[in-house]
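Peer 1:
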Amino acid sequence: MKLFDAHGDIWYDVMMHSEKGERDIFRKYQLPKFQKGNVSGGAFVMWVDPPYDEDPKKRILQIEQAVRQELEDAKDILNIVRKYKDFQKGTEEGKINVVMGLEGLSYIGEDVDRINYYYDEFSVRTMMLTWNEENALASGWPGDQERGLTEAGKAAVRRMNDLGIVLDVSHLNDKGFWDIISLSDGHPVIASHSNARALASHGRNLSDEMIKALAETGGVLGMNRVGAFISEDCKKHSAEGLADHVEHIVDLVGIDHVGCGFDFEDYVDPGALLKNGVPKVFEAATQGLYSEADAGNFLEVLKKRGYTQEELEKIAYKNFYRVYRQVLK
């Protein structure tokens, strides 16, 4: 069964190897894992990582250069999704379907027109207003809980709706979440890599009320394999523990609103993880879910719990595909 991973920091990996003078990076470091895990596509995000977030405008230009080169080097194996029909095109050509994304927009300031630039120049089709930082548009989950979307942030959301860009609320604080829900204007809203707060109280997860509101838009939560977002109990940092979140969400809002957004970090600098709120012991990886190569393990756990083939396909890719079909223009 094919699988779509709604959140991956693949361009981070490309950037790190690019700085060492390497090229054709996805083919060497990521493609074998995607193939082993039967992962047919995903959202690859540009993310300004610490400590480069101190000068995000400088860093994003470096990332853009690396991404442009990689897209040229890997054009025979990566298929960029601009319209929904591109998913089928990529599948027929045997390529990895890539939805281009931005994880945080600190580098655009209040210049909402830059959203059009990323839509046109990089075919970006999903965006988050913020990573963990407070910026000119919104506040991340660790920031001021009373600060929601700014006027520029609201304008950014309206621009995304007009262009046909999927709104992603992962990393936003709660007030920002509710602002986006109110501005969604009939568009599905996703939390590409967030779990249920009822099972793990981390601020990156969504409360039951938030999950219900997101589902009412037609949106989807992508299950995140980071241990801190699964449970406060390290013994539950496993594919089984993550499956508990699926069951909670399905019981709450139904099977149509859960998918995969693993946020694999097997290639990410542990120092960055610490700043991202991930537990200090990076080596204590989530059992059974260390990289894209292990993605199928998650579906096997769900299958053993009695999920039908159709339900598994919805979780694996169909639910997120539905959102893209509705939003992409």
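Heads up, the sequence shown is in the working numbering, so the first residue is 1 and it goes up one at a time.
Note that beta-carbon positions come from the ideal geometry of N, C-alpha and C, so glycine has one too.
Since the structure is predicted, the reported quantities are computational estimates derived from the model, not experimental observations.
#1: Within 10 angstroms of its Cβ, does T150 collect 16 or more other Cβ (buried), or is it exposed?
#2: Using a threshold of 8 angstroms, state whether the C-beta atoms of S139 and N195 are closer than that.
#3: Starting from R125, trace the beta strand (DSSP E) in both directions and tell me its first and last residue.
#4: So C260 and F229 are in contact, right, with Cβ under 8 angstroms, and what is the actual spacing, rounded?
#5: Can you find the residues in the same chain that come closer than 7 angstroms, C-beta to C-beta, to L302, ignoring five residues on each side of it along the sequence?
#6: Bridge partners of Q62, per DSSP?
#7: At the level of alpha carbons, what is the spacing between I211 and F262?
#8: Which residue's Cα is closest to the Cα of E72: F26, S182 and N135?
#9: Looking at the strands, I want to know which residues DSSP matches up with M46.
#10: Nearest CA to the CA of Y290: which residue from K304, V99, D86 and A239?
#11: State yes or no: is the C-beta of I115 within less than 8 angstroms of the C-beta of A152?
#12: Label E70 either buried or exposed according to how many other C-beta atoms from any shown protein chain fall within 10 Å of its C-beta, with 16 as the threshold for buried.
#13: Can you give the Cα-Cα distance for K20 and Q62, rounded to whole angstroms?
#14: Going along the chain, which unbroken runs of the beta strand (DSSP E) with 3 or more residues stay wholly within the region 177-223?
#15: Starting from H237, follow the alpha helix (DSSP H) in both directions and report where the run begins and ends.
#16: On the criterion of 16 or more Cβ atoms from any shown chain inside 10 Å, does Y117 qualify as buried, or is it exposed?
#17: Going by the beta-carbon positions, is the gap between H257 and A215 smaller than 8 angstroms?
#18: Just to confirm my understanding: we take D294, look at its own chain, exclude 5 residues before and 5 after, and list those with CB closer than 7 angstroms. What are they?
#19: If you reduce the DSSP assignment to three classes, tell me which class E345 lands in.
#20: Do you know whose CA, among T286, L3 and L102, lies nearest E64's CA?
#21: At which residues does the alpha helix (DSSP H) containing I230 begin and terminate?
Peer 2: Well, looking at it:
#1: Residue numbering aside, residue 150 sits at position 150 when the sequence shown is read from its first letter. Flag for T150 reads buried.
#2: Counted from its first residue, the sequence shown places residue 139 at position 139. Counted from its first residue, the sequence shown places residue 195 at position 195. Result no, Cβ atoms of S139 and N195 do not sit closer than 8 angstroms.
#3: By 1-based counting over the sequence shown, the position of residue 125 is 125. Element bounds for R125: V124 to M128.
#4: Position 260 of the sequence shown, counted from the first residue, corresponds to residue 260. Position 229 of the sequence shown, counted from the first residue, corresponds to residue 229. The Cβ separation is near 14 angstroms, so there is no contact.
#5: Here residue 302 corresponds to residue number 302 of the sequence shown, with the count starting at 1. If we look at L302 and ignore the five residues flanking it on each side, its Cβ neighbours are A243, V246, L312 and I315.
#6: What you label residue 62 is simply residue 62 of the sequence shown in a count that begins at 1. When beta bridges are read from the DSSP output, Q62 appears opposite no residue.
#7: Taking the first residue of the sequence shown as position 1, residue 211 is located at position 211. Taking the first residue of the sequence shown as position 1, residue 262 is located at position 262. If I take the Cα positions, the gap works out to 18 angstroms.
#8: Reading the sequence shown from its first residue, position 72 is the one you call residue 72. Measuring from the Cα of E72, the nearest candidate turns out to be F26.
#9: The count along the sequence shown starts at 1 and reaches residue 46 at position 46. BP columns for M46 point to L102.
#10: Taking the sequence shown and counting its residues from 1, the one referred to as residue 290 is at position 290. Of the candidates K304, V99, D86 and A239, the one whose C-alpha sits nearest the C-alpha of Y290 is A239.
#11: The count along the sequence shown starts at 1 and reaches residue 115 at position 115. The count along the sequence shown starts at 1 and reaches residue 152 at position 152. In this structure, A152 does not lie closer than 8 angstroms to I115 by Cβ.
#12: Reading the sequence shown from its first residue, position 70 is the one you call residue 70. Buried is the call here.
#13: For the purposes of this step, residue 20 is identified with residue 20 of the sequence shown, where counting begins at 1. For the purposes of this step, residue 62 is identified with residue 62 of the sequence shown, where counting begins at 1. Between the alpha carbons of K20 and Q62 lies a distance of about 13 angstroms.
#14: Qualifying beta strand (DSSP E) stretches, in chain order: 221-223.
#15: Here residue 237 refers to the residue found at position 237 of the sequence shown. Here H237 belongs to no alpha helix (DSSP H), and DSSP marks it neither H nor E.
#16: On the sequence shown, residue 117 is found 117 positions in, with the first residue counted as 1. Answer is exposed; the Cβ neighbour count stays below 16.
#17: Working through the sequence shown from its first residue, we reach residue 257 at position 257. Working through the sequence shown from its first residue, we reach residue 215 at position 215. Yes; because the gap between Cβ atoms is below 8 angstroms, this pair is in contact.
#18: Here the question's residue 294 lines up with position 294 in the sequence shown. Excluding sequence neighbours, D294 sits near G37 and G288.
#19: Residue 345 cannot be examined here, being either before or after the span of the chain that is shown, 1 to 329.
#20: The residue given as residue 64 occupies position 64 in the sequence shown. Closest in alpha carbon position to E64, among T286, L3 and L102, is L102.
#21: Within the sequence shown, numbered from 1, the residue matching residue 230 stands at position 230. It is not in any alpha helix (DSSP H) - I230 carries neither H nor E in the DSSP assignment.
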